[in-house]
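Enquirer: Before I ask anything, let me first share the structure, which is written out below as structure tokens.
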Amino acid sequence: MPEPDPAGGPGVLAEARALLGAVLHGHGVAVRITEVEAYAGPLDPASHAFTRTPRSDIMYGPPLRLYVYRSYGLHHCANVVTGAEGEGEAVLLRAGEVVEGLELAVRRRGTEDPVRLARGPGNLCSALGLTLADLGADLTGARPPRLVRGRPPSPAAVLSGPRVGVSRAADRPWRFWLAGEPTVSAYRRSPRAAP
DNA sequence: CCAAGGATCTGCT
DNA sequence: GCAGATCCTTGGC
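First residue of the first sequence? That's 1460 in my numbering, and the numbers climb one at a time after it.
Written out as structure tokens, the structure reads:
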């Protein structure tokens, strides 16, 4: 059950912070999450759940399920649904550090640079082997994909800023990452975002 | 039905 | 810094 963000705002902001440091076990590879973005459903013009459609329906379902979508035809991006049923809140997993299955991740990604293996939401899915076949997966089950939470990071260890590449609500600082992590992806503002 | 527009990534200039 | 790949979802007509 989500609680209000300490700083005020939707509960998904606190959920996003709390996912930092958690380990997502994919197919033969596991990643420690270092960067995420919060998407606040109907309150958030940048969210796929801003309008409820067949695609975004999964985000309105029960929490701790995986929302996977295809981006630019080539890549997959993965979100953890965090809101209670009907809220439409989810957290995009943007980057992580491979902590298991290094060889397989290297093979899937075609690079040996550990920093690049799971940097960026598309690359993170690629490293973990996540596809649309994982859409709706229960992350609390015994089989992967599976989410293992650790201690939430201290507020001082978390930095925040605007979300990458969104054309609407481009100034909301709803991207969160662990300070000092080399795996965190670079910020890029959408060319379509208002100046 | 059709056109537009991506919560991206890579590689080249 | 910028364009291209590539295809699905959405919304307007």
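The beta-carbon is built from N, C-alpha and C at its ideal position, and this holds for glycine as well.
Assuming Val1557 is part of the beta strand (DSSP E), what are its boundary residues?
Expert: Glu1548 to Glu1559 is the span of the beta strand (DSSP E), which, as asked, contains Val1557.
Enquirer: So the alpha helix (DSSP H) Arg1651 belongs to, where does it begin and stop?
Expert: Unbroken run through Arg1651: none, as it is neither H nor E.
Enquirer: Find the nearest neighbour of Arg1608 within the set Ala1616, Val1617 and Leu1598, judged by alpha-carbon distance.
Expert: Relative to Arg1608, the option among Ala1616, Val1617 and Leu1598 whose CA is nearest is Leu1598.
Enquirer: Where does Gly1620 fall in DSSP's three states?
Expert: strand
Enquirer: How many angstroms separate the CA atom of Ser1619 from the CA atom of Thr1493?
Expert: 12 Å
Enquirer: Consult DSSP for Glu1640 and reduce its assignment to one of helix, strand or coil.
Expert: coil
Enquirer: Take every Cβ of the region 1587 to 1598, pair it with every Cβ of the region 1614 to 1633, and state whether three or more of those distances are shorter than 8 Å.
Expert: Verdict: no, contact absent.
Enquirer: Considering only their Cβ atoms, is the gap separating Glu1544 from Val1471 smaller than 8 Å?
Expert: Not in contact: Val1471 and Glu1544 (Cβ atoms no closer than 8 Å).
Enquirer: If we require 3 or more residues per run, which beta strand (DSSP E) segments fall completely within the region 1501 to 1555?
Expert: 1525 to 1530 and 1534 to 1540
Enquirer: Mapping the DSSP letters down to three states, classify Asp1597 as helix, strand or coil.
Expert: strand
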